[in-house]
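Peer 1:
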Amino acid sequence: MSGIRATGVGSHPGEDQRDHAEAVRVVLGELGQEPGLPYLPEVPGRGATATMIGRGLAVLDALDADLHPAGWRLTGSSGSPGVDHRRARSLLGQDLDTLEELAQDALPAEGAAFKIQVAGPWTLAATVERPRGDKLLADHGARRELAQALAEGVRAHVADVRRRLPSLERLVVQVDEPALAAVVTGSVRTASGFSRHRTVDLPEASQALEWVLDAVTEAGAEPWVHACAPGTPWGLVRGAGARGLSVDLAMIAAADHEVLAEALEAGESVALGVVPGTGSAGATGDAQVTERVLRWLDMLGLDPAEVPGLVVAPACGLAGADAAYARAALALVRTSAANVRAG
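In our numbering, the protein residues as written are 994 to 1336.
1) Just reading off the alpha helix (DSSP H) that serine 1329 is part of, what are its end residues?
2) Is the distance from the Cβ of proline 1297 to the Cβ of valine 1268 below 8 Å?
3) I'd like to confirm the pairing. Which residues does DSSP put opposite leucine 1303 in its beta bridges?
4) Mark histidine 1133 as exposed unless 16 or more other C-beta atoms lie within 10 angstroms of its C-beta, in which case mark it buried.
5) Compute the Euclidean distance between the alpha carbons of valine 1168 and leucine 1253, then round it to the nearest angstrom.
6) From the DSSP secondary-structure annotation, give me the bridge partner or partners of proline 1216.
7) Relative to the alpha-carbon of alanine 1214, which residue among Arg1288, Leu1295, Lys1108 has its alpha-carbon at the smallest distance?
8) Smallest Cα separation from alanine 1264: which of Leu1095, Leu1161, Leu1100, Leu1242?
9) Just mark serine 1004 as buried or exposed, buried being the case when its beta carbon has 16 or more other beta carbons within 10 Å.
10) Check this for me: beta carbons of tryptophan 1217 and serine 1262, under 8 Å apart or not?
11) Assign arginine 1191 to buried or exposed, taking buried as 16 or more other Cβ atoms, counted over all protein chains shown, within 10 Å of its Cβ.
12) Can you tell me whether DSSP reads arginine 1182 as helix, strand or coil?
13) What residues in its chain sit with their C-beta under 7 Å from that of methionine 994, if we drop five residues either side in the sequence?
14) Quick one: residues in its chain with C-beta nearer than 8 Å to the C-beta of glycine 1069, no 5 flanking neighbours on either side, listed in chain order?
15) Return the bridge partner residues of alanine 1248 from the DSSP annotation.
16) Would you kindly work out how many angstroms separate the C-alpha atoms of tryptophan 1204 and glycine 1075, rounded to a whole number?
17) According to DSSP, is serine 1188 part of a helix, a strand, or is it coil?
18) Hey, how far is the Cα of glutamine 1110 from the Cα of proline 1037?
19) Can at least three beta-carbon pairs, one atom from the stretch 1089 to 1099 and one from the stretch 1176 to 1183, be found at a separation below 8 Å?
20) Relative to the C-alpha of alanine 1081, which residue among Asp1059, Ala1099, Gly1270, Ser1329 is closest?
21) In three-state DSSP terms, what is glycine 1029?
22) Within this structure, are the beta carbons of arginine 1231 and alanine 1212 separated by less than 8 Å?
23) Name the two residues that bound the continuous alpha helix (DSSP H) containing leucine 1092.
24) Whose C-beta lies closer than 8 Å to the C-beta of alanine 1152 among residues of the same chain, with five residues either side of it excluded?
25) Give a yes or no on whether the C-beta atoms belonging to tyrosine 1032 and glycine 996 are separated by under 8 Å.
26) Tell me the rounded alpha-carbon separation between glutamate 1103 and aspartate 1090.
27) Tell me the rounded alpha-carbon separation between arginine 1048 and histidine 1078.
28) Classify alanine 1314: buried if its beta carbon has 16 or more other beta carbons within 10 angstroms, exposed otherwise.
Listed below in C-alpha cells is the structure:
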C-alpha cells in the first residue's frame, strides 16, 4: 500500500472564534487518521487579522505592522506593533490553543503528521505597504528584510507548534504564494493602479523563497509551496528547496507536468487539487475524483503504488463554501485518497 494522503489547502468558512473551533473539529475528524494529513484551519471571515496576510504578519520576527484603510502597512522594527498587528498575533495564539486542546484525543499518540500554513515572502511583498506607502515590492531592501524576518518567524512558529503537539513525527509548513506568478511577470499593480511594479529577477525570487524554505527545513519541518495561480514557476519553487508542491490540477501548464513528475519520482510530495473549493455537498463523487487522479498519473506514466508523495486535496481554500460543503470536501478527498491507495 502506498502512502498517498488527503489534506486541505487551509481556509474554511466562518465568522467567529466558535466557527474556527468547529473547523478544527472537522479537520481532525475527517483527516486525523490515515490517510489524512490534518492541518490548522484558517477562518478569514473573522476579519483582516485572520486572513492569509494577517496570519503571515503575525509570524514575522522583529517587524511591526498596522492596518490602514488601504490594507496592511509595515511600521518598522520599533517593537511597538499596531493594535491590529497585536490582535493578529493574539488570534494566532488563540487558534493554536484551540488546536492544542482538541488535538489531544484526535491525533495518534505517536508518529502523527500535521500541516500548518503561512503566507510566502513574495505574496506579502506584493500586498503589504512600506511605511511611506506603496508595496514593499517596490523596495529591494525592504523585500529582502521582509523575507528574512519571515524566515526567523517561521522557525519560532514551528517550534511552538511542535511544543503544542508533542506526538508529531512529521510537520509540513505550506508556504502560500498565490502572488508569485504575478511578481515574476511584472503584473503586480502599484498603489495608484496606473502602472505595474518591475519584474523581479528569477534569482532574487528564488533566494527570498529559499531563505524561508531553508528555515522550515532547519527547524525540522517539511517545506511545501502552494499556489493556484496560472504561470507559477514550479521549477523555480522546487529549486528553491520546496519538498512539496501544492497545485490546482486545472491550472497546471503543459511544461509543469514534467516538474511535478520529477518531484514525485524523487520521493517528494505533490498535493493535487482536484475537488472544487465551492459547490454543493454530494455534487461530485469519489469515483470521479479518483478517476481524475488516476488519469493524471497515467498521463505522466506513473504507477500509483510508486508515488507515496501524492496528496489528494481541494483545488483551493474552502472559505467561500458553506460549512456542510467544507466537511463534505474533506471527506471526499479522504475517500478518494484511500481509493487511489487501493489501486
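From the three backbone atoms N, C-alpha and C, an ideal C-beta is built for every residue, glycine too.
Quick caveat: nothing in here was measured; it's all calculated off a predicted structure.
Peer 2: On the basis of the coordinates in this document:
1) Locating residue 1329 in the sequence shown gives position 336, where the first residue counts as 1. Serine 1329: member of the alpha helix (DSSP H) spanning 1316 to 1335, first to last residue.
2) Within the sequence shown, the letter at position 304 stands for residue 1297. Within the sequence shown, the letter at position 275 stands for residue 1268. No, they are not a contact pair.
3) On the sequence shown, position 310 is the one that residue 1303 refers to. Leucine 1303 is bridged to Val1263.
4) Counting from 1 along the sequence shown, the entry for residue 1133 is found at position 140. The residue in question, histidine 1133, is exposed, as its Cβ has fewer than 16 Cβ neighbours within 10 Å.
5) The residue given as residue 1168 occupies position 175 in the sequence shown. The residue given as residue 1253 occupies position 260 in the sequence shown. Each residue's alpha carbon lies about 17 Å from the other.
6) To locate residue 1216, count along the sequence shown from 1; it is residue 223. Beta-bridge partners of proline 1216 (DSSP): Val1166.
7) Here the question's residue 1214 lines up with position 221 in the sequence shown. Of the listed residues, the one whose Cα sits closest to alanine 1214 is Lys1108.
8) As a working mapping, residue 1264 is identified with position 271 in the sequence shown. It is Leu1242.
9) Stepping through the sequence shown from its first residue, residue 1004 is reached at position 11. Flag for serine 1004 reads buried.
10) Here the question's residue 1217 lines up with position 224 in the sequence shown. Here the question's residue 1262 lines up with position 269 in the sequence shown. In this structure, serine 1262 lies closer than 8 Å to tryptophan 1217 by Cβ.
11) As a first step, residue 1191 is located in the sequence shown; it is residue number 198 there, counting from the start. Arginine 1191 should be labelled exposed.
12) Here residue 1182 refers to the residue found at position 189 when the sequence shown is read from its first residue. Three-state DSSP puts arginine 1182 in a strand.
13) For the purposes of this step, residue 994 is identified with residue 1 of the sequence shown, where counting begins at 1. Confidence at methionine 994 is low in this model, with a pLDDT of 37, below 50, so the placement of that residue should be treated as unreliable; the coordinate-derived value is given next. The residues are Arg1334.
14) Residue mapping note: residue 1069 aligns to position 76 of the sequence shown, counting from 1. Same-chain partners within the cutoff: Leu1056, Asp1057, Pro1124.
15) Walking along the sequence shown from the start, residue 1248 turns up at place 255. The partner list for alanine 1248 (beta bridge, DSSP) is empty, contrary to what the question assumes.
16) Walking along the sequence shown from the start, residue 1204 turns up at place 211. Walking along the sequence shown from the start, residue 1075 turns up at place 82. Their Cα atoms are separated by approximately 26 Å.
17) One-based indexing of the sequence shown puts residue 1188 at position 195. The answer is coil: DSSP assigns serine 1188 none of H, G, I, E or B.
18) Here residue 1110 refers to the residue found at position 117 when the sequence shown is read from its first residue. Here residue 1037 refers to the residue found at position 44 when the sequence shown is read from its first residue. Looking at the two C-alpha atoms, the distance is approximately 13 Å.
19) As far as the Cβ criterion goes, the stretch 1089 to 1099 does not touch the stretch 1176 to 1183, which means the pair count is below three.
20) Locating residue 1081 in the sequence shown gives position 88, counting from the first residue. From the listed residues Asp1059, Ala1099, Gly1270, Ser1329, the smallest Cα separation to alanine 1081 is found for Asp1059.
21) Residue 1029 sits at position 36 when you count from the first residue of the sequence shown. Strand, per DSSP.
22) Your numbering for residue 1231 matches position 238 in the sequence shown. Your numbering for residue 1212 matches position 219 in the sequence shown. In this structure, alanine 1212 does not lie closer than 8 Å to arginine 1231 by Cβ.
23) Along the sequence shown, read from residue 1 onward, the residue named residue 1092 stands at position 99. Here the alpha helix (DSSP H) through leucine 1092 covers 1076 to 1096.
24) Indexing the sequence shown from 1 puts residue 1152 at position 159. Contacts found: Ala1212.
25) Working through the sequence shown from its first residue, we reach residue 1032 at position 39. Working through the sequence shown from its first residue, we reach residue 996 at position 3. Using a Cβ distance threshold of 8 Å, tyrosine 1032 and glycine 996 do not count as a contacting pair.
26) Counted from its first residue, the sequence shown places residue 1103 at position 110. Counted from its first residue, the sequence shown places residue 1090 at position 97. Approximately 20 Å between the Cα atoms of the pair.
27) For this step, residue 1048 is matched to residue 55 along the sequence shown. For this step, residue 1078 is matched to residue 85 along the sequence shown. Straight-line Cα distance between these residues: approximately 9 Å.
28) Position 321 of the sequence shown, counted from the start, is the residue given in the question as residue 1314. Label assigned to alanine 1314: buried.
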